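Worksheet: one structure, shown below.
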Amino acid sequence: MNYRHAFHAGNFADCLKHSLLVWIVRALGRKPAPFRVLDTHAGAGAYDLGSEAARRGGEWQAGIGRLLGVTEGPLADYAALARDSGAPARYPGSPELVRALLRPEDRLVCVELHPEEHAALRARFRADPRVSVHRRDGWEALRALTPFPERRGLVLMDPPFERPGEFERLAEGLSVVARRFRGAVQAAWYPIKHRAPARAFHAAVEASGLRDAVAAELWLREPTDPARLNGCGLLVTNPPWGFEAEARGVLAALEGRLGAGEAGQGWAVTRVAEE
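Residue numbers are given in UniProt numbering: position 232 of the sequence shown equals residue 232, and the series is strictly consecutive.
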């Protein structure tokens, strides 16, 4: 429980994850039936970019700091939500972004184990009846809180990857939800330091029998250094119609704005498992 996202809030990895998350939640809202979102590693909900932690890392300046002026194209919706939430003074985490997109009939369930971040999350959403906050292990919550009463929605898994075995837990979590809640959209974030762990993760997802899985990946430098976050990906199962095309546009726009022209930077949208 040592990980604190405040050091990394608004960095390029958040930009990838959150720009795609916004599109997915918008897509769920296109149908009239209510939906629910379960965020298994919710964090504090929002982050002060002027805090000591954020200043020490300064990662947001090469991330959301480069996107706040965007008003057109595939990043415009995400950038507008970040501005509406107070950026560049304050960066919205995934719970804050999802909450901004909920209709009165929709629901958000946030799970966070870290005591201080859980307390911040509860305080932030105390007055919103659409949002519930749990202090529990995110992996245990997959079994306890699925399937949803609404029978449709999104499960977002964004573990901190501070312990060994996180890729294996992520693959198992996807399988657990698929068995319990066949129709759920699932989105799983993962780091790319070097290629082997991500490839093994994709192979495990395919071998598990999961269907209709797409990986959207961005790397800002050649992913060959296991000690450095060179890129990241979001693996989505049961993606809403149009996701692959949208993801290509988002990734190309992110590379154009966040890339520094380093050797090996790039992006890819890969079908990991067929429908």
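By construction, the Cβ of each residue, glycine as well, lies at the ideal position given by its N, Cα and C atoms.
Keep in mind it's a predicted model, so treat the numbers as computed, not measured.
* Close-in-space but distant-in-sequence residues of the same chain around R271 (CB under 7 angstroms, 5 per side omitted) -> V214
* What distance in whole Å lies between the Cβ atoms of N238 and G183, which are believed to be in contact at a cut-off of 8 angstroms? -> 7 angstroms
* Residue from R248, W189, R135, G242 whose Cα sits closest to the Cα of P159 -> W189
* To do: Give a yes or no on whether the C-beta atoms belonging to A245 and A216 are separated by under 8 angstroms.
  => no
* Residues near R136 by beta carbon distance below 8 angstroms, same chain, minus five either side -> V111, L113, A144
* Indicate whether the contact test is met: 3 or more Cβ pairs, each with one atom in the segment 115-124 and one in the segment 80-88, closer than 8 angstroms. => no
* Relative to the C-alpha of F161, which residue among E105, Y91, L220, A198 is closest? -> A198
* Enumerate, from N- to C-terminal direction, the unbroken alpha helix (DSSP H) stretches of 4 or more residues contained entirely within the segment 175-237. => 195-207
* Decide if the segment 253-266 is in contact with the segment 41-48; the criterion is three or more beta carbon pairs, one per stretch, under 8 angstroms apart. => no
* Count the other CB atoms, across all protein chains shown, that sit within 10 Å of the CB of T71; report buried if there are 16 or more and exposed otherwise. => exposed
* Let me know the secondary structure DSSP gives A46 once reduced to three states. => strand
* Label W23 either buried or exposed according to how many other C-beta atoms from any shown protein chain fall within 10 Å of its C-beta, with 16 as the threshold for buried. => buried
* Which ranges would you report for the alpha helix (DSSP H) in the segment 88-168 if only whole runs of at least 4 residues count? -> 94-101, 115-125, 138-144
* Boundaries of the beta strand (DSSP E) in which R271 is found, first to last residue -> 266-273
* **Same chain, Cβ closer than 7 angstroms to E262, neighbours up to 5 away in sequence not counted** => L220, R221
* S19 beta carbon less than 8 angstroms from that of Y91 -> no
* Candidates L75, G233, A204: which alpha carbon is nearest L218's? -> G233
* What are the boundary residues of the beta strand (DSSP E) that V37 is part of? -> 36-39
* **Counted within 10 angstroms of its Cβ, other Cβ atoms place G93 as buried (16 or more) or exposed** => buried
* Asked: Helix, strand or coil for G259 per DSSP?
  -> coil
* Taking all protein chains shown into account, decide if E150 is buried (16 or more other Cβ within 10 angstroms of its Cβ) or exposed. => exposed
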